[in-house]
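Down below is the structure, laid out as structure tokens.
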Amino acid sequence: MRGILSLLIILIMVIVAVKVYSQPDYPEATWNPADPGNYLSSNRGREDVRWFIIHVAEGSYGGTINWFKNPKARVSAHFVINEAGTHLTQMVRIKDIAWHAGNSLYNRYSVGIEIAGYVGSTIWPDTLYKNLAKLAVWLHENYNVALVWVEGVAPPSPLQSSGIIGHIQVPDPSNPRVGGGRSHHTDPGSTFNWIKFMNYVRELYTSLHGLERLNVTIKIVSLSGSPISGITVRIEGEGESYLLHTDSEGRINLKLNPGEYRVRIEKDGVKYDERRMYVVSDAEVCIALPVESGAASSSTLVLTFLLFLAVFIFAYLITGMLNR
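Now the structure itself:
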């Protein structure tokens, strides 16, 4: 009798475990697992998930799901959503590492979603943007994804910042000046409306938390990660305007209203870089510039000039001595 009771308890535990495992992490998704050979089993925690990367599948919803279930694919994403935005499937656990970014470090610290459709041609409805925004806010609430989008290539290291980006913004690990990962992808493309998407993110987030001033840090670094101090940063948007200079760590700290801004980086009064930024939550933004180091300050230019002057004087003196 005891043996039968023990067997029943074990059977119930197995049924419960199977039921729990068949449930998605994100409550509004359907669970349909990718082939185990298409992702890396891991044990990521809340702090490990820093980026939400948006892709376009170059195919249909069903075709993308079938491809991730094919053991020959060797690629995957955590989520797939249909063109209409009405059906969302989770295929990889968030604790596990999907292979989607073309950059192993960004894979390690991100969640990826494939949107059914085609780059540069598919026009997605509002329902798609709304449900994508709901997932983004859920990732922010449950993990470490800041609700901020900054135009341009993301920093070389995913640990330098966090936020929402498109596949085109993932740095090539061999050449971080270039986006799109190792294969230089261009998705989600020109027909993906970032501002509409972030407007829905703001609408949902402020409905949950109210309209609050945000703590935003912007750090300017070189591609090697060295801070660039003393550089001018102009920030304009949402009725606000700031003119600031980075500190010794390459940082500026400010409070902003949620919304869209222009971040203009200047050197000696001349525009060096300009990007759109849409921020909805507290965020630490990192912008990497294609300079060698933190020596974007004038000190390097002065030293270079003095060295050139010394060489010129030396050559002049030698020439004068030879002509005597």
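Add 505 to the 1-based position in the sequence shown for the numbering used here, that's all there is to it. We put the beta carbon where it would ideally sit given N, CA and C, even for glycine. Please read all numbers here as calculations on a predicted model, not as lab measurements.
Alpha carbon of residue i to alpha carbon of residue j, nearest angstrom
i: VAL525; j: TRP536; result: Residue placement at VAL525 is flagged as unreliable, the pLDDT there being 45, under the threshold of 50; a coordinate-derived value is accordingly withheld.
i: GLY668; j: LEU652; result: 6 Å
i: GLY744; j: LYS577; result: 52 Å
i: ARG718; j: GLU708; result: 15 Å
i: VAL597; j: ARG549; result: 12 Å
i: VAL738; j: GLU771; result: 6 Å
i: ASP530; j: SER712; result: 23 Å
i: TYR566; j: VAL790; result: 33 Å
i: PHE557; j: VAL650; result: 7 Å
i: VAL706; j: HIS645; result: 11 Å
i: SER802; j: THR591; result: Confidence is the limiting factor: at SER802 the pLDDT is only 44, short of 50, which leaves the residue's position unreliable, though a coordinate-based value still follows. Each residue's Cα considered, the two are about 51 Å apart.
i: ILE736; j: ILE792; result: 12 Å
i: SER654; j: ASN698; result: Checking the displayed sequence, the identity of residue 654 turns out to be Trp instead of Ser. About 12 Å.
i: TYR648; j: LEU593; result: 19 Å
Where residue i sits in the DSSP three-state scheme
i: HIS645; result: helix
i: ASP677; result: strand
i: GLU765; result: strand
i: ARG682; result: strand
i: GLN595; result: strand
i: GLU563; result: coil
i: ALA638; result: helix
i: PRO732; result: strand
i: GLU619; result: strand
Bounding residues of the alpha helix (DSSP H) (the contiguous stretch that carries residue i)
i: SER609; result: 609-613
i: PHE702; result: 699-714
i: ASN571; result: 566-574
For residue i, the first and last residue of its enclosing beta strand (DSSP E)
i: HIS672; result: That residue, HIS672, is in no beta strand (DSSP E); it is neither H nor E in DSSP.
i: MET782; result: 775-784
i: ARG756; result: 756-761
i: VAL585; result: 584-586
i: LEU652; result: Neither: LEU652 is in no beta strand (DSSP E) and is coded neither H nor E.
Opposing strand residues paired with residue i [DSSP bridges]
i: HIS689; result: Answer by DSSP bridge pairing: none, since HIS689 is not bridged.
i: TYR544; result: ALA603
i: ILE770; result: VAL738, ASP778
i: ALA793; result: VAL726
i: TYR747; result: ILE740
i: GLU533; result: Note: GLU533 sits in no beta bridge, so no partner.
Worksheet entry | Cβ contact (3+ pairs, closer than 8 Å) linking the segment 756-769 and the segment 779-789 | These segments touch.
Practice prompt. Determine contact between the segment 628-637 and the segment 563-580, defined as no fewer than three beta-carbon pairs at a distance below 8 Å.
Written response: Short answer: they don't touch.
Worksheet item: Is the number of C-beta pairs between the segment 612-625 and the segment 580-598 that are closer than 8 Å three or more?
Response: yes
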